[in-house]
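What follows is a short report on a single structure.
In the UniProt record's numbering, the protein residues as written are 1 to 496.
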């Protein structure tokens, strides 16, 4: 099945008078907070972190006559039902009818996992997104209001809290030690059926399905390295627990791949080590502190390099962590801190566990030779400051082009000359890059930020000045061709 054939179920059921099926996770706005009167209040924080994850090897052997009773007894009381109430603000006739009938909120439901005895709960960002009010129903049927501590759209995770104590909770397990073929249990509230337990095996690790980081979401920093299982999950399981037979949390159920909107054999969970790092950050800072390498990457596949696995560097940000450490385009990263790296998903997850300023050891190959370097990760602000170190001037459509102008704006899109680093990494001589995108003809075509235009119609693009002159002559539909920094080739039809 191709990526384009994946229809990714949101897993959270939506209730408004009757059951409304929501298929696909929608990231609206991409911010770290919810709208409305719901407060991001951290004053009730009690815990300082959520324990530790042991590196000691676990005995995952399964005795004859496998049963899941002990693990189920341990985890079911710690999985909660979450109701997201969002005030109806729409102006459509449907919403007006609902408002006239007295309905003030639309509701969606999902799951969450208690990770401390004083009421901290981990769940998915899309379960709490947009909430004006959050309600948590415990296994003993108590209903409590919850507050949002913080959220991270980059991993689709969120931390909420209820005011209660002496609660059952689940310890974090080590998702690195999970083996393909290992038995696991999924616990959640599919279709509002509380405390449902299903069993399956780990089908794959470090799976990237372009759900969070896909171009449709324009999420440059999205992290995907899912555990894939065949444990049955459906709408309402979002934010629920994936656990091993020891009753340890090894993942947060997040998505399904389906053609029908219901489970079709594949489900995906955020691994526990990443979950814990995000939860600890949200508890301590209210946001995630994420370290960055400052590289453009793709899987090594023998094309352009002799390496069949690892992560190929397509380009580095000048002055970024990788650049300062001596990493170059065409180097292939094969390890981080002694852990083997075979895919971009693995690399992204390992780096996402770190904070800015953390020291990281990178193993890599350069022209077949094994090498190693160390570096200190940067934060987004540092990397952005490097990338925007030179001032950019904007050329309006009717304005004159001058040698001092570095960008060209037209129909909601802003273009700039292609950097030497991208030219080298993509092995192209010239082009212009779409650096900013707003409403207009370009966005309507489906093109995304970062796209590199190499051809307009039959004309090869040689410079920003030449590109501007060609575009200014266009009075009707035309085609542009080019590629994204990851090497993916595309073409678009632009309609004035």
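Even for Gly, the Cβ is constructed at its ideal location relative to N, Cα and C.
Please list the segments of the beta strand (DSSP E) lying wholly inside the segment 401 to 435, counting only runs of 3 or more residues, in order along the chain.
Counting only runs of 3 or more, we get 407 to 410 and 413 to 417.
Quick check on the burial criterion: 16 or more other C-beta atoms within 10 angstroms. Buried or exposed for residue 67?
Position 67 of the chain shown holds residue 67. Exposed, since its Cβ has fewer than 16 Cβ neighbours within 10 Å.
Answer yes or no: do residue 455 and residue 480 have a C-beta to C-beta separation smaller than 8 Å?
Here residue 455 refers to the residue found at position 455 when the chain shown is read from its first residue. Here residue 480 refers to the residue found at position 480 when the chain shown is read from its first residue. Yes, the pair counts as a contact, with Cβ atoms nearer than the cut-off.
What separation, rounded to the nearest whole angstrom, lies between the Cα atoms of residue 207 and residue 351?
As a working mapping, residue 207 is identified with position 207 in the chain shown. As a working mapping, residue 351 is identified with position 351 in the chain shown. Cα to Cα, the separation comes out at about 16 Å.
Mind checking which residues open and close the beta strand (DSSP E) that includes residue 441?
In the chain shown, residue 441 corresponds to position 441, counting from 1. Per DSSP, residue 441 belongs to no beta strand (DSSP E); it is in the alpha helix (DSSP H), 441 to 444.
Going by CA-CA distance only, name the one from 244, 193 and 227 that's closest to residue 256.
Here residue 256 corresponds to residue number 256 of the chain shown, with the count starting at 1. For the residues 244, 193 and 227, the minimum Cα distance to residue 256 belongs to 227.
Which of the three DSSP states is assigned to residue 204 in this structure?
Position 204 of the chain shown, counting from 1, holds the residue named residue 204. Reduced to three states, the DSSP call for residue 204 is strand.
Answer with buried or exposed for residue 365, where buried requires no fewer than 16 other C-beta atoms within 10 angstroms of its C-beta.
Along the chain shown, one-based indexing puts residue 365 at 365. So residue 365 counts as buried.
Check each candidate in 196, 55 and 149 and name the one with the smallest Cα separation from residue 278.
As a first step, residue 278 is located in the chain shown; it is residue number 278 there, counting from the start. Ranking 196, 55 and 149 by Cα distance to residue 278 puts 149 first.
Would you say residue 492 and residue 457 are within 8 Å of each other, going by their C-beta atoms?
The residue labelled residue 492 in the question sits at position 492 within the chain shown. The residue labelled residue 457 in the question sits at position 457 within the chain shown. Contact flag unset, no.
Considering only residues of the same chain and omitting the five flanking positions on each side of residue 248, which have a CB-CB separation below 6 Å?
Counting from one through the chain shown, the residue named residue 248 turns up at place 248. Answer for residue 248: 171 and 173, listed in chain order.
Could you tell me if residue 180 is buried or exposed, where buried requires 16 or more neighbouring beta carbons within 10 angstroms of its beta carbon?
By one-based count along the chain shown, residue 180 stands at place 180. Result: exposed.
From 483, 311, 117 and 113, pick the residue whose C-alpha is nearest to that of residue 124; which is it?
Along the chain shown, read from residue 1 onward, the residue named residue 124 stands at position 124. When only C-alpha atoms are compared, the closest one is 113.
How would you call residue 285, buried or exposed, if buried means at least 16 neighbouring beta carbons within 10 angstroms?
On the chain shown, position 285 is the one that residue 285 refers to. Exposed, because fewer than 16 other Cβ atoms sit within 10 Å of the Cβ of residue 285.
Which residue wins for smallest C-alpha separation from residue 107, given the options 126, 244, 377 and 157?
Looking up residue 107 in the chain shown gives position 107. When only C-alpha atoms are compared, the closest one is 126.
Within the same chain, show all residues whose beta-carbon is closer than 7 Å to that of residue 428, passing over the 5 residues directly before and after it, in chain order.
One-based indexing of the chain shown puts residue 428 at position 428. Around residue 428: 454.
Could you pull the DSSP bridge partners for residue 296 from this structure?
Within the chain shown, numbered from 1, the residue matching residue 296 stands at position 296. Bridge partners of residue 296: 315.
Note down the Cα distance separating residue 443 from residue 73, rounded to an integer number of angstroms.
Here residue 443 refers to the residue found at position 443 when the chain shown is read from its first residue. Here residue 73 refers to the residue found at position 73 when the chain shown is read from its first residue. If you take the alpha carbons of residue 443 and residue 73, they lie about 51 Å apart.
Report the option in 209, 294 and 325 whose CA atom is closest to the CA atom of residue 314.
Taking the first residue of the chain shown as 1, we reach residue 314 at position 314. Minimum Cα distance to residue 314 is reached at 294.
Can you name the start and end residues of the alpha helix (DSSP H) that residue 328 belongs to?
Start at 1 with the first residue of the chain shown, and residue 328 comes out as number 328. Where residue 328 is concerned, there is no enclosing alpha helix (DSSP H), given that its DSSP letter is neither H nor E.
By a C-beta neighbour count over all protein chains shown, 10 Å radius and 16 as the cutoff for buried, is residue 472 buried or exposed?
In the chain shown, the residue the question calls residue 472 occupies position 472. So residue 472 counts as exposed.
Does the beta-carbon of residue 306 have 16 or more other beta-carbons within 10 angstroms, so that it is buried, or is it exposed?
As a position in the chain shown, residue 306 is number 306, starting the count at 1. Exposed, because fewer than 16 other Cβ atoms sit within 10 Å of the Cβ of residue 306.
Using 8 Å for Cβ pairs, my map puts residue 57 next to residue 177. What's the rounded Cβ distance?
Walking along the chain shown from the start, residue 57 turns up at place 57. Walking along the chain shown from the start, residue 177 turns up at place 177. The Cβ separation is near 7 Å, so the contact holds.
Grab me the residues of residue 263's own chain with a C-beta within less than 7 Å of its C-beta, minus the 5 sequence neighbours each way, in chain order.
Residue 263 sits at position 263 when you count from the first residue of the chain shown. Closer than 7 Å at Cβ, skipping near neighbours: 232, 233, 234 and 256.
Assuming residue 251 contacts residue 175 (C-beta within less than 8 Å), just tell me the rounded distance between them.
For the purposes of this step, residue 251 is identified with residue 251 of the chain shown, where counting begins at 1. For the purposes of this step, residue 175 is identified with residue 175 of the chain shown, where counting begins at 1. That belief holds up - the Cβ atoms of residue 251 and residue 175 are roughly 6 Å apart, short of 8 Å.
Quick one: what does DSSP say residue 131 is sitting in, helix, strand or coil?
Here the question's residue 131 lines up with position 131 in the chain shown. Note: residue 131 maps to coil in three-state DSSP.
Tell me which same chain residues have a C-beta within less than 8 Å of the C-beta of residue 477, skipping the five on either side of it?
If you number the chain shown from 1, residue 477 lands on position 477. Answer for residue 477: 493, 494, 495 and 496, listed in chain order.
From this set, 144, 329, 361 and 420, which residue's C-alpha is nearest residue 339's C-alpha?
To locate residue 339, count along the chain shown from 1; it is residue 339. Selected option, being the one with the closest Cα: 361.
Going by DSSP in three states, residue 164 sits in which element: helix, strand or coil?
Residue mapping note: residue 164 aligns to position 164 of the chain shown, counting from 1. Reduced to three states, the DSSP call for residue 164 is coil.
If you reduce the DSSP assignment to three classes, tell me which class residue 125 lands in.
Numbered from 1 along the chain shown, position 125 holds the residue referred to as residue 125. Helix.
When you compare the CB positions of residue 462 and residue 413, do they come within less than 8 Å of one another, or not?
For the purposes of this step, residue 462 is identified with residue 462 of the chain shown, where counting begins at 1. For the purposes of this step, residue 413 is identified with residue 413 of the chain shown, where counting begins at 1. In this structure, residue 413 does not lie closer than 8 Å to residue 462 by Cβ.
Out of curiosity, what's the CA-to-CA distance linking residue 86 and residue 153?
One-based indexing of the chain shown puts residue 86 at position 86. One-based indexing of the chain shown puts residue 153 at position 153. So the two alpha carbons sit approximately 18 Å from each other.
Specify the secondary structure class of residue 40 as computed by DSSP and reduced to three states.
Here residue 40 refers to the residue found at position 40 of the chain shown. Note that residue 40 scores a pLDDT of 33, beneath 50, so its modelled location is shaky; the value from the coordinates is reported in the next line. Looking at residue 40 - three-state DSSP - the assignment turns out to be coil, as it is neither helix nor strand.
Could you tell me which residues DSSP puts in a beta bridge with residue 253?
Residue numbering aside, residue 253 sits at position 253 when the chain shown is read from its first letter. Answer is 269, bridged to residue 253.
Which same chain residues end up closer than 6 Å to residue 486 when comparing Cβ atoms and leaving out the 5 residues on each side of it in sequence?
For this step, residue 486 is matched to residue 486 along the chain shown. Hits under 6 Å: 298.
Quick check on DSSP: helix, strand or coil for residue 284?
The residue given as residue 284 occupies position 284 in the chain shown. Residue 284 falls in the helix class under three-state DSSP.
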